[in-house]
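Novice:
Numbering (my numbering), first residue to last: 7 to 431.
1) Are the CB atoms of residue 4 and residue 140 nearer to each other than 8 Å?
2) Between 123, 220, 52 and 145, which has its C-alpha nearest residue 99's C-alpha?
3) Let me know if residue 107 comes out buried or exposed under the rule of 16 or more other beta-carbons within 10 Å of its beta-carbon.
4) Going along the chain, which residues of its own chain have a beta-carbon closer than 8 Å to the beta-carbon of residue 212, five neighbours each way excluded?
5) Is it buried or exposed, residue 444, if we count other Cβ atoms within 10 angstroms and call 16 or more buried?
6) Would a C-beta distance cut-off of 8 Å place residue 410 and residue 362 closer than the cut-off?
7) When we look at the beta-carbon of residue 49 and count the other beta-carbons within 10 Å, is it buried (16 or more) or exposed?
8) Tell me which residues share the same chain as residue 178 and place their Cβ nearer than 6 Å to its Cβ, disregarding the 5 neighbours each side in the sequence.
9) How about residue 63 and residue 172: are their beta carbons less than 8 Å apart?
10) Please specify which runs of the alpha helix (DSSP H), each continuous and at least 4 residues long, are wholly inside the region 369-403, giving them in chain order.
11) With DSSP run on the structure shown, which of helix, strand or coil describes residue 318?
12) Residues in the same chain with beta-carbon distance under 7 Å from residue 21, minus the five sequence neighbours each way, listed in chain order, please.
13) Taking only three categories from DSSP, how would you classify residue 184?
14) What did DSSP end up calling residue 106 once you bin it into helix, strand or coil?
15) If you draw a straight line from the C-alpha of residue 122 to the C-alpha of residue 145, how long is it?
16) Can the beta-carbon of residue 160 be found closer than 8 Å to that of residue 56?
17) Taking 7 Å as the cut-off, is the beta-carbon of residue 114 closer than that to any non-hydrogen atom of the ligand ATP?
18) Given this structure, state the Cα-to-Cα distance separating residue 206 from residue 242, to the nearest angstrom.
19) From 203, 197, 375 and 153, pick the residue whose C-alpha is nearest to that of residue 185; which is it?
20) Go ahead and pull the three-state DSSP assignment for residue 127.
21) Tell me the residue span of the beta strand (DSSP E) that contains residue 70.
22) Within a Cβ cutoff of 6 Å, which residues of the same chain sit near residue 434, ignoring the five residues on either side of it in sequence?
23) Pull the bridge partners of residue 414 from the DSSP assignment, please.
24) Can you list, in chain order, the residues of its chain whose CB lies under 6 Å from that of residue 319, leaving out five sequence neighbours each side?
25) Against chain D, does residue 406 count as a neighbour if the rule is that its beta carbon must be under 8 Å from one of theirs?
26) Quick check: what's the CA-CA separation for residue 399 versus residue 392?
27) Quickly, what does DSSP pair residue 1 with across the bridge? List them, please.
28) Comparing C-alpha positions only, which one of 143, 181, 193 and 29 sits nearest to residue 58?
29) Give me whichever residues DSSP pairs with residue 58 in a beta bridge.
30) In whole angstroms, give me the CA-to-CA distance for residue 18 and residue 120.
31) First and last residue of the alpha helix (DSSP H) that includes residue 152?
32) Note down the Cα distance separating residue 39 from residue 288, rounded to an integer number of angstroms.
33) Taking the alpha carbon of residue 181 as the point to measure from, which residue in 147, 190 and 339 has its own alpha carbon closest?
34) Classify residue 133 as helix, strand or coil using the three-state DSSP reduction.
35) Where does residue 23 fall in DSSP's three states?
36) What would DSSP say about residue 48, mapped onto helix, strand or coil?
Written out as structure tokens, the structure reads:
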């Protein structure tokens, strides 16, 4: 199975040292919880939000970092919801309640004991057994009862699963599929030690049981091993594994981002899995907001990841750092690609594309977000290359942000030298 953690908590013992890469990862958890709640509370008519947050590998909840004591994911998740509740209470005259349940899971009894004591010290003891549930178990064994509890809360099933596993096989893809199939609105944020998997394929093939956890059979493994004969084979295998994850998790929307641990050449992925394009959009914004913390490997614009047989995997690839330069490159790439999409749809005689169709059909392999698409649609409109209309038929003449159901179509006769005209053939 996956490599066991270097972290260990014993009541009364020294705190484990937190790696810098984990600091960034915890920051993503914080920011995404805030973005998630902000998105789901935009409707001012609503007075409450039912939510379950699951930390499937919670640990003891406290670390040492550069000589200072810092909170781990359980306390940071609690704090993120408390901040959101404070902001909503201040902003809503009629009041608003976040009805959040927290589930903290770890299979190590020492970690559970440490976390329980920590929560009591921090004033959360009265919540344990009420809206804080602590489970000593593997995530795999606990997951069915967690899903059942979420189902009993209502039909919306608003839930966030933070699965910071220790390797790449502690969470099976069958379990992720079960989450996606049994819940209406789940999201999974999964860490995946892709380099550990690649190195296993490189060094030995004895751990077949672990590979079956992520739905690889012997024929799949032989196909992966055959890729080692090509140039840039590690990247090819990574992209092939990425496509495999897409196919096997049952999530309609997925985005992997690389994290580089300090003093290590081994990368791991932070993968966001969801059933709705708006969730993908919000996670993309989080990554852009943390420029240079995470990297996206691939090309700019749409269709940025994926292995194309016969094409050198290094061609047109670069380390994408989510900074201003990367944004500019993405905007140029989208501007180059949008006309092809729009013209292809018009040429096929179909209905005008919506912004949602453009985004959802291409967003899984790309760092592009809705506002980047908006900026380039605005440019094409200003160049009189396209017409954008709202769902009610009104023309979007000056707005800079477009609704997901806005329609985009080319002007009837683009000029010979227009951007769209260049892609019409």
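A virtual CB, placed ideally from N, CA and C, is assigned to each residue, including glycine.
Specialist: With the given structure in hand:
1) It is not possible to answer for residue 4, since the shown part of the chain is limited to 7 through 431.
2) Along the chain shown, read from residue 1 onward, the residue named residue 99 stands at position 93. Residue 52 holds the alpha-carbon nearest to the alpha-carbon of residue 99 among 123, 220, 52 and 145.
3) Reading the chain shown from its first residue, position 101 is the one you call residue 107. Label assigned to residue 107: buried.
4) Residue 212 sits at position 206 when you count from the first residue of the chain shown. Low confidence applies to residue 212: its pLDDT is 49, below 50, so where it sits in the model is not reliable enough to give any reading.
5) The displayed coordinates of the chain run from 7 to 431. Any statement about residue 444 would go beyond what the structure contains.
6) Numbered from 1 along the chain shown, position 404 holds the residue referred to as residue 410. Numbered from 1 along the chain shown, position 356 holds the residue referred to as residue 362. Result yes, Cβ atoms of residue 410 and residue 362 sit closer than 8 Å.
7) For this step, residue 49 is matched to residue 43 along the chain shown. With fewer than 16 other Cβ atoms inside 10 Å of its own Cβ, residue 49 counts as exposed.
8) Residue 178 sits at position 172 when you count from the first residue of the chain shown. If we look at residue 178 and ignore the five residues flanking it on each side, its Cβ neighbours are 219.
9) Along the chain shown, one-based indexing puts residue 63 at 57. Along the chain shown, one-based indexing puts residue 172 at 166. Going by C-beta atoms, residue 63 is nearer than 8 Å to residue 172.
10) As far as the region 369-403 is concerned, its whole alpha helix (DSSP H) runs of at least 4 residues are 376-388.
11) The residue given as residue 318 occupies position 312 in the chain shown. With a pLDDT of 39 at residue 318, under the threshold of 50, the modelled position of that residue is not reliable, and no figure is offered here.
12) Mapped onto the chain shown, residue 21 falls at position 15. If we look at residue 21 and ignore the five residues flanking it on each side, its Cβ neighbours are 68, 69, 70 and 75.
13) Taking the chain shown and counting its residues from 1, one reaches residue 184 at position 178. The answer is helix: DSSP assigns residue 184 an H, G or I state.
14) Against the chain shown, residue 106 aligns to sequence position 100. In this structure, residue 106 counts as strand in the three-state DSSP scheme.
15) Residue numbering aside, residue 122 sits at position 116 when the chain shown is read from its first letter. Residue numbering aside, residue 145 sits at position 139 when the chain shown is read from its first letter. Spanning the two alpha carbons is a distance of roughly 18 Å.
16) Counting from one through the chain shown, the residue named residue 160 turns up at place 154. Counting from one through the chain shown, the residue named residue 56 turns up at place 50. Residue 56 is positioned such that its CB atom lies closer than 8 Å to that of residue 160.
17) The model on display carries no ligand, and the ligand ATP is accordingly not part of it.
18) Within the chain shown, residue 206 is the residue found at index 200, counting from 1. Within the chain shown, residue 242 is the residue found at index 236, counting from 1. Our two residues, residue 206 and residue 242, have alpha carbons roughly 15 Å apart in a direct line.
19) Counting from one through the chain shown, the residue named residue 185 turns up at place 179. The shortest C-alpha separation from residue 185 is found at 153.
20) Numbered from 1 along the chain shown, position 121 holds the residue referred to as residue 127. DSSP places residue 127 within a helical segment (H, G or I) once states are collapsed to three.
21) As a first step, residue 70 must be located in the chain shown, where it is residue number 64. For residue 70, the enclosing beta strand (DSSP E) starts and ends at 68-71.
22) Nothing can be reported for residue 434: it is not among the residues displayed for the chain, which extend from 7 to 431.
23) For the purposes of this step, residue 414 is taken as the residue at position 408 of the chain shown. Paired residues: 359 and 394.
24) The residue you call residue 319 lines up with position 313 of the chain shown. No answer about residue 319 holds up, because its pLDDT of 36 lies below 50 and its placement is not dependable.
25) Checking the listed chains, one finds no chain D in this structure; it contains a single protein chain.
26) Along the chain shown, one-based indexing puts residue 399 at 393. Along the chain shown, one-based indexing puts residue 392 at 386. Looking at the two C-alpha atoms, the distance is approximately 15 Å.
27) There is no way to answer for residue 1, as the model of the chain reaches only from 7 to 431.
28) Along the chain shown, read from residue 1 onward, the residue named residue 58 stands at position 52. The candidate whose alpha carbon is nearest that of residue 58 is 193.
29) On the chain shown, residue 58 is found 52 positions in, with the first residue counted as 1. Beta-bridge pairing links residue 58 to 107 and 165.
30) One-based indexing of the chain shown puts residue 18 at position 12. One-based indexing of the chain shown puts residue 120 at position 114. Their backbone Cα atoms lie some 9 Å apart in a straight line.
31) Here residue 152 is taken as the residue at index 146 of the chain shown, counted from 1. Bounds of the alpha helix (DSSP H) holding residue 152 are 145-158.
32) Residue numbering aside, residue 39 sits at position 33 when the chain shown is read from its first letter. Residue numbering aside, residue 288 sits at position 282 when the chain shown is read from its first letter. Roughly 10 Å separates the two Cα atoms.
33) Here residue 181 corresponds to residue number 175 of the chain shown, with the count starting at 1. Each of 147, 190 and 339 was checked against the Cα of residue 181, and the nearest Cα belongs to 147.
34) By 1-based counting over the chain shown, the position of residue 133 is 127. Residue 133 falls in the helix class under three-state DSSP.
35) By 1-based counting over the chain shown, the position of residue 23 is 17. Under the three-state reduction of DSSP, residue 23 is assigned to strand.
36) Reading the chain shown from its first residue, position 42 is the one you call residue 48. If DSSP states are grouped into helix, strand and coil, residue 48 belongs with coil.
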